[in-house]
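Right, one structure below, let's go through it.
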Amino acid sequence: MPRKPRERTKRTGWRRLIPTWRTALIGMAASVLLGVGLFALGVALVKVPDAHAAATAQSNTWLYSDGTLLARTGQTNRQNVPLDKVSKEAQHAALAAEDRNFYSEGAVNFKGMARAAFNTASGGATQGGSTITQQYVKNAYLNQKQTVSRKVKEVFIAFKVDATQSKDEILSSYLNTSYYGRGAYGIQAAAQAYFGVDASQLNAAQGAYLATLLNAPSAYDVSSATENGKQKATARWNYVLDGMVAKKWLSAEERQQTTFPEVQAPKSAPGLSGQAGYLVAAATSYLTEHNILSDAQLAQGGNTITLTVDSKKQQQLQDAVQAQLTDNLKPDSRKVDAAAQAGAVSVDPKTGQVLALYGGADATKHWIDNATRTDYQAGSTFKAIALAAALDSGAHTQYGDRISADTVYDGTNRRPVRGAKGVPYAPPNEGERSYGQISLQQATDWSVNSVFAQLAQDTGLEKVRSTAVALGLPADTPQLKAIPSISLGTSSPSALELAGVYATLDNDGQQITPWLVKSLESGGEQVSLPEHKATQAISKDAARSTTAILRGVVEDQGGTGYRASSLNRPTAGKTGTTDDSKSVWFAGYTPELVTVVGLFGQDPATGKQVSLDGVGGAGSAAGGKFPAQIWTAYMKSALAGQPVSSFPGASRTPATTVPSVPSDSPSPSQSPSASDEASATPSPSASDGTGSPSSRPTGGTGNGGDGTLPRPSRSPSAKPSGGATSPDPSTPAGNGGAGGLLGTQDQPAG
């Protein structure tokens, strides 16, 4: 007989309100499924926000050619590097310190979070329970506040990031966004700040110390920490190393041999004061003008720019300016001294690399870069270009004689240029001096304006201009025009551009535009840079002949650059002093090195160009004074220990006539370009019968005066270039009637 089914006891009263175990189980399962579903939906719907600016901002790092730090620009000291540019030891140290199971666990460690929450709620020590993924999310997308809402957001975003990025990508981003103290964000900046090395060079001890800092950057900086802080830092460092051993990232033997690393003292972040600002500005111009980086890319940061500048030569150039000029200035008691602005550039003639650049006393106080400014005229430094143009083109005088160093010209003051159309151009020589019959070599040594005005005409004004461009001056150089005064320096190139011109002469006529950036790394990748190919601007023979003539400026006693002869090396160069001495120059070179020094008069209050006469208590300003002194002091240091080299080509013969006593104080000139100049312009006063410089005749016969002045040798058929050797005595001022028109010839203001 079948059993009668047992009747279910009906619940009565309050028991009816209690769910059965089946109902409870089903409800729990449904709740879990609903929770998981909602969580999955939340993860699916959540969008990873854009990283905030503080997490992505990077600095640009500027290095000297030897890799030493020049400057860092940007508000955040950060240089992102890919994971393969971080040593394995440093990677493992970070994992050992913060998340040893990172590669095998999920995005969130709920157990660790619960433990940390319990400790915090119970008043225990605040303890982190976040994975590296969570920490990266906090660094890059959220903030550091310990709130429930922030933690919830962190969890959702962490799952999303873990689902869309690889573990290597997350670890790399974490290391690049973490703060290590000393203002260093990211492991690359930290490696430099604490050890002076790149992240790729960190060893286990160093990596473990940087991982220690992640816990408490300021408290664990052993350079400034309290004794208690140092003890805690050491304990944490040991904890990290032990973790590396436990994970088999470091052997027990290596662990035993590892000692606490030597941490370098904190250093002030190199800014843009002193010369750094000028160098960075010049390199920035190079990068943007050559379309290598845009302004926006530079502003974004993350670039490592290595310059061609030699840190030792840079310091030597700064020291030379300081010792030869700055130490002699007294702006408080001598008003004109406050107007002196120096600029200088040193270039390797064989490669075009800029090895040193002096832009001014301090880029944060005088923002105009004196090495690259183009608002002061070149003066007689341009005469080297006129020489090169004449020799390269095989130019002839008005009488058909081919021009060479021995060609005889009429150096009479205000002698009208022959062969020109229109109103004759009759420039005055410095101090209204006349030199009579002199060779082109002598005219170069003494920087005689009347001769070089005729030389430009004989060569062709357009040829002089085109040669200037071929040698390295930009075609748009201010006032670079084919006008009668072109050879006297009416244009306004920069010291950097002039250095390029003289480097071409030094390099046998092969032109390479000076360049400043040796290498560029952006976003961890090397960026290709333009090639620096040489082009033959003028013939080798013309370049060598020009160099031979320019050697006389320095090596011939009485040459305007004679002060530079104390270098005691074969040297070629040219001084330049413009009208009213608003700018004075010395451009010189040896076979190894080209350097151009300019001194500019600028009113510190108004910015207007002013005379440099009286600067440093040295009387009339001249290119053969402070610029030549700075040049010589620098070159002695820069070339110290190097063997003495000779210029290629035939040896030169010194000028036939040299003054016995150089003159350092050229008198004021009405010329557009004072002829200089020099530390040694011969005085052409009336003959005293001694044969000394003072016996050089003034204008008149133009035949050497009373015969006491030796004549340079030349063939019997040679004639003084330009025909008549002196202006018509009846012509006012001896300028062919052009005296009242001198200001109409587009002449330089100096």
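In terms of my numbering, the numbers along the sequence shown are unbroken and rise by one, the last being 913.
The C-beta atom is built at its ideal place from N, Cα and C for all residues, glycine as well.
Remember, it's a predicted structure, so these values are computed and weren't measured experimentally.
request  = Enumerate in chain order the residues of its own chain whose CB-to-CB distance from Val300 is below 7 Å, with the five nearest sequence positions on each side excluded.
outcome  = Taking the first residue of the sequence shown as position 1, residue 300 is located at position 137. Correct list, in chain order: Glu317, Ile320, Ala321 and Val324.
task = Figure out for me which residue from Tyr562, Gly764 and Ala781 has the closest Cα to the Cα of Asn533.
result = Locating residue 533 in the sequence shown gives position 370, counting from the first residue. Closest in C-alpha terms to Asn533, from the list Tyr562, Gly764 and Ala781, comes Gly764.
ask   = Does DSSP put Trp678 in a helix, a strand or coil?
value = In the sequence shown, counting from the first residue as 1, residue 678 sits at position 515. Here Trp678 sits in strand by DSSP.
ask   = How would you write the range of the beta strand (DSSP E) that Leu232 sits in, first residue to last?
value = Position 69 of the sequence shown, counting from 1, holds the residue named residue 232. Leu232 to Thr236 is the extent of the beta strand (DSSP E) around Leu232.
key: Between the CA atoms of Met407 and Lys251 - distance to the nearest angstrom   = Sequence index remark: in the sequence shown, residue 251 carries index 88 (1-based). Sequence index remark: in the sequence shown, residue 407 carries index 244 (1-based). Inter-residue distance for Lys251 and Met407 is about 11 Å (C-alpha atoms, whole angstroms).
query = Per DSSP, which one or two residues make a beta bridge with Gly506?
reply = Locating residue 506 in the sequence shown gives position 343, counting from the first residue. Partner(s): Gly761.
ask   = Would the beta-carbon of Ser341 fall within 9 Å of that of Asn366?
value = As a first step, residue 341 is located in the sequence shown; it is residue number 178 there, counting from the start. As a first step, residue 366 is located in the sequence shown; it is residue number 203 there, counting from the start. For Ser341 and Asn366, no; Cβs fall outside 9 Å.
query = If you follow the alpha helix (DSSP H) that Ala519 is part of, which residue opens it and which one closes it?
reply = Within the sequence shown, the letter at position 356 stands for residue 519. Boundaries around Ala519 are those of the beta strand (DSSP E), Val517 to Tyr521, since no alpha helix (DSSP H) includes it.
task = Report the option in Lys528, Ala638, Lys584 and Leu651 whose CA atom is closest to the CA atom of Ala768.
result = Numbered from its first residue, the sequence shown carries residue 768 at position 605. The residue with the shortest Cα to Cα distance from Ala768 is Lys528.
inquiry  = Please report the straight-line C-alpha distance between Arg581 and Lys703, rounded to a whole angstrom.
reply    = Start at 1 with the first residue of the sequence shown, and residue 581 comes out as number 418. Start at 1 with the first residue of the sequence shown, and residue 703 comes out as number 540. Going from the Cα of Arg581 to the Cα of Lys703 covers about 30 Å.
key: Residue interval of the beta strand (DSSP E) (run including Tyr572)   = Residue 572 sits at position 409 when you count from the first residue of the sequence shown. Val571 to Asp573 is the span of the beta strand (DSSP E), which, as asked, contains Tyr572.
key: Cβ neighbour criterion (16 or more within 10 Å) applied to Val499   = Translated into the one-based positions of the sequence shown, residue 499 becomes position 336. Looking at its Cβ environment, which holds 16 or more other Cβ atoms inside 10 Å, Val499 is buried.
request  = Report the rounded CA-to-CA distance for Val517 versus Ala446, giving the unit in angstroms.
outcome  = Taking the sequence shown and counting its residues from 1, the one referred to as residue 517 is at position 354. Taking the sequence shown and counting its residues from 1, the one referred to as residue 446 is at position 283. Using only the alpha carbons, I get a separation of about 10 Å.
key: Cut-off 7 Å between Cβ atoms - residues of its own chain near Asp229, not counting five sequence neighbours on either side   = Numbered from 1 along the sequence shown, position 66 holds the residue referred to as residue 229. Cβ within range, chain order: Ser474.
ask   = Around the C-beta of Arg565, are 16 or more other C-beta atoms found within 10 angstroms, so that it is buried, or is it exposed?
value = The residue labelled residue 565 in the question sits at position 402 within the sequence shown. That one is exposed.
With 16 other Cβ atoms within 10 Å as the buried cut-off, status of Lys745 = Counting from 1 along the sequence shown, the entry for residue 745 is found at position 582. Looking at its Cβ environment, which holds 16 or more other Cβ atoms inside 10 Å, Lys745 is buried.
ask   = Nearest to Gly721 by CA position, among Ser708, Thr738 and Asp742, is which residue?
value = For the purposes of this step, residue 721 is taken as the residue at position 558 of the sequence shown. The residue among Ser708, Thr738 and Asp742 with its C-alpha nearest the C-alpha of Gly721 is Thr738.
query = Beta-carbon separation of Ser222 and Gly465 under 9 Å?
reply = For the purposes of this step, residue 222 is taken as the residue at position 59 of the sequence shown. For the purposes of this step, residue 465 is taken as the residue at position 302 of the sequence shown. Contact flag set, yes.
message = Buried or exposed for Thr467, going by 16 or more other Cβ atoms inside 10 Å?
response = Taking the first residue of the sequence shown as 1, we reach residue 467 at position 304. Per the 10 Å Cβ criterion, buried.
message = Between Tyr343, Ser363 and Glu390, which has its C-alpha nearest Leu373's C-alpha?
response = In the sequence shown, the residue the question calls residue 373 occupies position 210. The residue with the shortest Cα to Cα distance from Leu373 is Tyr343.
inquiry  = From the DSSP secondary-structure annotation, give me the bridge partner or partners of Arg628.
reply    = Taking the first residue of the sequence shown as position 1, residue 628 is located at position 465. Looking at the DSSP assignment, Arg628 forms no beta bridge with any residue, so it has no partner.
task = Return helix, strand or coil for Ala524, following the three-state DSSP convention.
result = For the purposes of this step, residue 524 is taken as residue 361 along the sequence shown, with counting starting at 1. Here Ala524 sits in coil by DSSP.
ask   = To the nearest angstrom, how far is it from the Cα of Glu390 to the Cα of Phe423?
value = In the sequence shown, counting from the first residue as 1, residue 390 sits at position 227. In the sequence shown, counting from the first residue as 1, residue 423 sits at position 260. Glu390 and Phe423 have their C-alpha atoms roughly 16 Å apart.
ask   = From this set, Leu659, Ala633, Leu679 and Ser655, which residue's C-alpha is nearest Gln642's C-alpha?
value = One-based indexing of the sequence shown puts residue 642 at position 479. Nearest of Leu659, Ala633, Leu679 and Ser655 to Gln642, Cα basis: Ser655.
query = What did DSSP end up calling His255 once you bin it into helix, strand or coil?
reply = For the purposes of this step, residue 255 is taken as residue 92 along the sequence shown, with counting starting at 1. Shown here, His255 sits in a helix according to DSSP, grouped into three states.
request  = Give the range of the alpha helix (DSSP H) segment to which Asn401 is assigned.
outcome  = Working through the sequence shown from its first residue, we reach residue 401 at position 238. Taken as a continuous stretch (DSSP letters only), the alpha helix (DSSP H) holding Asn401 covers Glu390 to Ala409.
task = Please list the segments of the beta strand (DSSP E) lying wholly inside the region 427-511, counting only runs of 3 or more residues, in order along the chain.
result = Whole beta strand (DSSP E) segments, 3+ residues: 466-470 and 503-510.
message = Excluding the 5 residues flanking Ser559 on each side, which residues of the same chain have their C-beta closer than 7 Å to its C-beta?
response = For the purposes of this step, residue 559 is taken as the residue at position 396 of the sequence shown. The question names Ser, but residue 559 in the sequence shown is His. If we look at His559 and ignore the five residues flanking it on each side, its Cβ neighbours are Arg565, Ile566 and Asp621.
task = Report buried or exposed for Gln394, applying the criterion of at least 16 other Cβ atoms within 10 angstroms of its Cβ.
result = The count along the sequence shown starts at 1 and reaches residue 394 at position 231. Gln394 is exposed by the Cβ-count criterion.
request  = Would you grab the beta carbon distance between Phe749 and Ala781 for me? Rounded to a whole angstrom, and I think it's under 8 Å.
outcome  = Numbered from its first residue, the sequence shown carries residue 749 at position 586. Numbered from its first residue, the sequence shown carries residue 781 at position 618. With a Cβ gap of about 14 Å, Phe749 and Ala781 do not count as contacting.
query = Buried or exposed: Asn731, going by 16 or more other Cβ atoms within 10 Å of its Cβ?
reply = Position 568 of the sequence shown, counting from 1, holds the residue named residue 731. Asn731 comes out exposed.
key: Straight-line gap, Arg399 to Ala259 (C-alpha atoms, nearest Å)   = What you label residue 399 is simply residue 236 of the sequence shown in a count that begins at 1. What you label residue 259 is simply residue 96 of the sequence shown in a count that begins at 1. One C-alpha to the other measures close to 11 Å.
N- and C-terminal bounds of the alpha helix (DSSP H) containing Asn612 = In the sequence shown, residue 612 corresponds to position 449, counting from 1. DSSP places Asn612 inside the alpha helix (DSSP H), whose first and last residues are Asn612 to Thr622.
The beta strand (DSSP E) enclosing Thr224, as first and last residue numbers = By 1-based counting over the sequence shown, the position of residue 224 is 61. Run containing Thr224: Asn223 to Leu226, per the beta strand (DSSP E) assignment.
request  = Leaving aside the five residues before and after Lys453 along the sequence, list all residues of the same chain whose C-beta is less than 7 Å from its C-beta, in chain order.
outcome  = For the purposes of this step, residue 453 is taken as residue 290 along the sequence shown, with counting starting at 1. Lys is not the amino acid found at residue 453; the sequence shown has His there. If the five residues before and after His453 are omitted, its C-beta is found closer than 7 Å to the C-beta atoms of Pro693, all from its own chain and listed in chain order.
request  = Return the CA-CA distance between Asn592 and Trp678, expressed in angstroms with no decimal places.
outcome  = Numbered from 1 along the sequence shown, position 429 holds the residue referred to as residue 592. Numbered from 1 along the sequence shown, position 515 holds the residue referred to as residue 678. Distance between the alpha carbons of Asn592 and Trp678 is about 37 Å.
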